[in-house]
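This report refers to the structure that appears directly beneath it.
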Amino acid sequence: MKKALMLSLCAVLASSAFAATDPVSARQDIFKQFKKDAAAMGKMVKSDAINKEEFSKLAAHLDAIAQQPWQHFPAGTASGQAARKTDAKAEIWSKPAEWTKAADAFKAETAKLKQIAAAGDTASIKNQFGAVQKSCKSCHDAFRKD
Ligand code: HEC
Numbered sequence: 001m002k003k004a005l006m007l008s009l010c011a012v013l014a015s016s017a018f019a020a021t022d023p024v025s026a027r028q029d030i031f032k033q034f035k036k037d038a039a040a041m042g043k044m045v046k047s048d049a050i051n052k053e054e055f056s057k058l059a060a061h062l063d064a065i066a067q068q069p070w071q072h073f074p075a076g077t078a079s080g081q082a083a084r085k086t087d088a089k090a091e092i093w094s095k096p097a098e099w100t101k102a103a104d105a106f107k108a109e110t111a112k113l114k115q116i117a118a119a120g121d122t123a124s125i126k127n128q129f130g131a132v133q134k135s136c137k138s139c140h141d142a143f144r145k146d
């Protein structure tokens, strides 16, 4: 019984260690959090019921994690190259300046959203949320397979 428990614990530890070191799952996990934050904010924007405290927290969280995925794109992890399934297009590596520009543009928009969310005014919050969504989409159009 004890041995079985130890063995299953080891299996759990081994699989989470793998997930943490694999760059494809590391970046995909962060993008999943982007989606979660954006969906929660989008729901408030759509229903015209922005809870500013809640929205501010989400905007700050999104801005914090907006810094993170880009370190997990080592060479050799494009779609078709990596051991795991990935939607990363080869253009990420063949057009590095444009890739960096897209990530920087996104980070600038999330920083602005965080600032505007804290300052308050609903119309500006909505506008800026739209700008963030646009920067997700324009990067996906160029660098993610659909
Ligand atoms: C600078 C480029 C860029 C920006 C900006 C960006 N993404 Fe992505 N996103 C990618 C790439 C590349 C992938 C594919 C990653 C992979 O499969 O390895 C991806 C994958 C995803 C995925 C799929 C993750 C999975 O489960 O495999 C989601 C969801 C996602 N992005 C949401 C967002 C949202 C929401 C935003 C904006 C708030 C955003 N992304 C901004 C480039 C970007």
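Per UniProt numbering, the sequence shown runs over residues 1 to 146.
Virtual Cβ for every residue (Gly too), placed ideally from N, Cα, C.
Query - Counterpart residues of alanine 88 in DSSP-defined beta bridges - result: As a first step, residue 88 must be located in the sequence shown, where it is residue number 88. Bridge partners of alanine 88: Arg144.
Query raised in the report: How many angstroms separate the CA atom of glycine 80 from the CA atom of aspartate 121?
Result: Residue 80 sits at position 80 when you count from the first residue of the sequence shown. Residue 121 sits at position 121 when you count from the first residue of the sequence shown. Spanning the two alpha carbons is a distance of roughly 46 Å.
Query raised in the report: Using CA coordinates, which residue listed in Cys139, Thr21, Gln33 and Asp87 is at the minimum distance from leucine 58?
Result: Counted from its first residue, the sequence shown places residue 58 at position 58. Per the Cα distances, Gln33.
Query raised in the report: Alpha carbon to alpha carbon, what distance is there between lysine 114 and alanine 17?
Result: In the sequence shown, the residue the question calls residue 17 occupies position 17. In the sequence shown, the residue the question calls residue 114 occupies position 114. With a pLDDT of only 49 at alanine 17, under the threshold of 50, the placement of this residue in the model should not be trusted; the figure read from the coordinates follows. One C-alpha to the other measures close to 32 Å.
Query raised in the report: Which of the three DSSP states, helix, strand or coil, is assigned to asparagine 127?
Result: Residue 127 sits at position 127 when you count from the first residue of the sequence shown. In this structure, asparagine 127 counts as helix in the three-state DSSP scheme.
Query - Assigned secondary structure, isoleucine 50 (DSSP; H/G/I helix, E/B strand, else coil) - result: In the sequence shown, residue 50 corresponds to position 50, counting from 1. Three-state DSSP puts isoleucine 50 in coil, outside helix and strand.
Query raised in the report: Is the beta carbon of isoleucine 65 within less than 7 Å of some heavy atom of ligand 1?
Result: As a working mapping, residue 65 is identified with position 65 in the sequence shown. No, the Cβ of isoleucine 65 stays beyond 7 Å of every heavy atom of ligand 1.
Requested in this report: Reducing DSSP to helix, strand and coil, say where glycine 120 ends up.
Outcome: Position 120 of the sequence shown, counted from the start, is the residue given in the question as residue 120. The answer is coil: DSSP assigns glycine 120 none of H, G, I, E or B.
Query raised in the report: At a cut-off of 7 Å, is serine 94 close to ligand 1 when judged by its beta-carbon and the heavy atoms of the ligand?
Result: Your numbering for residue 94 matches position 94 in the sequence shown. No, the Cβ of serine 94 stays beyond 7 Å of every heavy atom of ligand 1.
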